[in-house]
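Here the sequence shown stands for residues 22 to 295, where the numbers follow our numbering.
All C-beta atoms in this analysis are idealised placements derived from N, C-alpha and C, irrespective of residue type, glycine included.
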Amino acid sequence: MGPEIYYFSGTGNSLYVAKELQKRIRETKLIPIVSLLNKNLIESSSDTVGFVFPIHLAMAPAPVLEFLKKLDLKSAEYIFAIATRAGSQHRAFIDMENMLKKKGKGLNSFFSLNMPSNDPKFKDWKPSTEEETRKIESDVQNKLDKIQKIVLNKEKSREKDTEFITPMPAFSILSIFLPFLNRFYNVEFYADSKCKGCGTCENVCLSGKVKMVNGKPVWKKDIQCFYCHACLNYCPEHAVQIKSNRLLKSYTDKNERYSCPYATLHDIKRQKYG
Ligand SMILES: Cc1cc2nc3c(=O)[nH]c(=O)nc-3n(C[C@H](O)[C@H](O)[C@H](O)COP(=O)(O)O)c2cc1C
22 MGPEIYYFSG TGNSLYVAKE LQKRIRETKL IPIVSLLNKN LIESSSDTVG FVFPIHLAMA
82 PAPVLEFLKK LDLKSAEYIF AIATRAGSQH RAFIDMENML KKKGKGLNSF FSLNMPSNDP
142 KFKDWKPSTE EETRKIESDV QNKLDKIQKI VLNKEKSREK DTEFITPMPA FSILSIFLPF
202 LNRFYNVEFY ADSKCKGCGT CENVCLSGKV KMVNGKPVWK KDIQCFYCHA CLNYCPEHAV
262 QIKSNRLLKS YTDKNERYSC PYATLHDIKR QKYG
């Protein structure tokens, strides 16, 4: 049996990486994490299991960690993780390692891939230029060639560019408080007057938070957002915005949007159904 790769992707970067790795490792099965979130127990049946996901606020996205808690990894002999990110340090692998330890397992290898940012709320945010995108793609392809060999040979490889191995003092101290700080992260979304009521935001919403009501999207208060930014980035009118609040001035009304050119909104939506 080939490897199983469980993935989560808001705007396609992580899906692209998962698919590219699937091309390199025969019989790899891609399994969307979102399609399994309502199950109480998920049994993995392969001896090689991988996770591919984006970094959110220097951590793995909450649904990925939630999923990991419920995953039975008894048959897994080799476990690896790939985080896609816009370039900052993170503690995703520490958290995963801690959770896996409780199951008597660990991460045999982990890798971080730098990719374009899908977070246009910041003042200086710009989508990457064509030239930058080409360079990112070629770096990702080269790194995936290395990852392919490591995974196929079931080698241990714990990358040196995370604070896990080479501590950056300021980040390491801050990183201790991240799980606590992230609980207070609560940005809100709305659709401005450009909204034509097409329902794309509801379609791509991975958490089920966006619902069309009387032809306009509503972000339901009782459903926890995954902050995947699919609604924001796939809206064809750029009508979905992040609200500014006391702590954050949002620039989504001025900025462009980003989604991975190799993933359609249909690919993102399909994660809900497996
Ligand atoms: C809410 C949010 C928070 C993010 N936080 C970080 C971060 O802390 N560090 C980082 O390098 N990238 C961060 N990013 C950028 C994404 O990790 C990056 O663009 C990723 O490749 C997106 O993958 P996806 O298209 O599969 O969702 C963040 C993105 C979002 C939406």
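Neighbourhood of residue i by C-beta distance below 7 Å, restricted to the same chain and skipping five residues each side
i	result
THR221	TYR255, CYS256, PRO257, LEU286
LYS144	TYR272
Alpha-carbon to alpha-carbon, residue j and residue i
i	j	result
PHE72	LEU199	21 Å
PHE101	ASN235	45 Å
GLU184	ASP116	In this predicted model, GLU184 has a pLDDT of only 46, less than 50, meaning its place in the structure is not dependable; the value taken from the coordinates is given anyway. Between GLU184 and ASP116, the C-alpha separation is close to 13 Å.
ILE78	ARG47	Ile is not the amino acid found at residue 78; the sequence shown has Leu there. Cα to Cα, the separation comes out at about 33 Å.
GLN262	LYS177	42 Å
PRO238	TYR283	26 Å
LYS326	TYR99	The chain is shown only over 22 to 295; residue 326 falls outside these bounds and no answer can be derived.
VAL172	VAL38	14 Å
Bridge partner(s) assigned by DSSP for residue i
i	result
LYS232	VAL239
VAL19	Beyond the ends of the chain as shown, which are 22 and 295, falls residue 19; an answer cannot be given.
LYS177	Answer by DSSP bridge pairing: none, since LYS177 is not bridged.
Presumed contact (8 Å Cβ cut-off) between residue i and residue j, rounded CB distance
i	j	result
LEU57	ILE168	The Cβ separation is near 24 Å, so there is no contact.
GLY33	THR49	Not confirmed; about 18 Å, so no contact.
SER19	ALA97	The question about residue 19 has no answer, for the chain in this structure spans 22 to 295.
ASN276	PRO141	4 Å
SER228	CYS246	6 Å
SER65	LEU92	6 Å
MET136	ILE103	So it is not a contact: roughly 11 Å between Cβ atoms.
Close-in-space but distant-in-sequence residues of the same chain around residue i (CB under 6 Å, 5 per side omitted)
i	result
ILE289	VAL225, ALA251
SER265	SER271
TYR27	ILE52, ILE54, PHE72
Cutoff 8 Å; reference residue i; Cβ partners in own chain excluding five residues on either side
i	result
GLY127	ILE100, GLU118, LEU121
LYS60	LYS91
Contiguous alpha helix (DSSP H) assignments of at least 4 residues, all confined to the segment 65-133: 83-91, 113-123
Any beta strand (DSSP E) of 3 or more consecutive residues that is wholly inside the segment 29-71: 50-53
Residue ranges of each beta strand (DSSP E) within the segment 127-169, 3 or longer: 130-135
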